[in-house]
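For reference, the structure is listed below as structure tokens.
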Amino acid sequence: MKMKNIRILVVLLILPVYLFAQEDSLKIDQKLTPYDLLSNYYIENFHPFQKGNFYVGLAFSVTDKNLTNTNYLIQKVVEGDRLDYDLLLKGGYYTGDYGMVIINLNYFQNRFGGSVFQDPDTVQSNTLSRGFAVSPGFRSSVPLTQTERLSFFTEFGFTLGGSNSLTRNVKNIDEVEKKFKKEFNFGVGLSPGITFFAMENFAFEVQLNNVLGYELNVAKSSTNEGPESKQVRQNVDFNINLLSLELGLAYYFGAGKNRKEAAR
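The sequence shown: position 100 = 100 (the working numbering), numbered continuously.
Listed below in structure tokens is the structure:
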């Protein structure tokens, strides 16, 4: 009986201490909001531009337009639909702090179908273009904040790519005209941008393509398998074009790696 009383007494003494400890723990947890925990991560253990880190990025755009009585390129569209999409994959490796070798792979497709006015007739026109590009280069980053969540970068590289397009025009039901076109592109350019880390190692990127650069374009075309024509065009530009603004999502492998651990 005495042993039972002693056990009850011990429980009654320990229970308030346990409850107090639990309450104190809850208070601590309440103070550490998700924002605080995330901020602490960026302050103490965040090095996205450190040597040995890997980087992957993705940018994707889709344009879907319905055109009516609209001037499109060098012709007037009576009625038609245009669907364009562009896919860009990025990969990189930091060979040194704040310096990364990078390679971009780009694929795009443009499609148009509708009625086009070609004086004096209205023609049913369909165009399909597909192309790709490979762009190796080097990126240098400069942090704009102490935690490196916001940074400015410049990317220098060159581009090799090509495209094929086929246009099929039909008028008077049975008159068919086919136009084939092949293009080769080579370019060297400087592209600035901004990186913002939204959550841990995930970042949003905004980039202006080829603000300063050189471009060579070679185009070959033919109509109904007739004689082939060739055009060579070269451009040297310094141009800030907001239409070339590229938005993308990136992930930095190893960004949360401690410098002391990386040095071992």
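Don't be surprised by glycine CBs; every beta carbon is placed ideally from N, CA and C.
Residues SER129, LYS181 of the same chain have their beta carbon placed closer than 6 Å to that of SER165, with the five preceding and five following residues left out of the count. In this structure PHE197 is buried. Its beta-carbon is surrounded by 16 or more other beta-carbon atoms within 10 angstroms. Going by beta carbons, TYR85 and GLN109 fall inside the 7 Å limit.
Counting other Cβ atoms within 10 Å of its Cβ, SER151 reaches 16 or more and is therefore classed as buried. Judged by DSSP secondary structure, VAL78 falls within the beta strand (DSSP E) whose first and last residues are 75 to 96.
Using a Cβ-Cβ distance cut-off of 8 Å, the stretch 138 to 148 and the stretch 93 to 106 are in contact, since at least three pairs of beta carbons, one from each stretch, lie closer than that value.
C-alpha of PHE112 to C-alpha of PRO136: approximately 31 Å in a straight line.
In this structure, GLY57 and GLY248 form a Cβ contact; the two beta carbons are roughly 5 Å apart against a cut-off of 8 Å.
By the criterion of at least three beta-carbon pairs nearer than 8 Å, the stretch 112 to 128 is in contact with the stretch 168 to 181. The stretch 209 to 219 and the stretch 60 to 71 do not touch, with fewer than three beta-carbon pairs separated by less than 8 Å. GLU79 places its beta carbon 7 Å or farther from that of THR70. In the DSSP assignment, LYS220 falls within the unbroken beta strand (DSSP E) covering 212 to 223. Burial of LEU88 is indicated by the presence of at least 16 other C-beta atoms within 10 angstroms of its C-beta.
Along the length of the stretch 117 to 195, whole alpha helix (DSSP H) runs at least 4 residues long do not occur.
Distances from the alpha-carbon of GLN75 to those of TYR107, VAL188, LEU216, PHE117 put PHE117 closest. By alpha-carbon distance to VAL188, the top candidate from LYS178, PHE156, VAL176 is PHE156.
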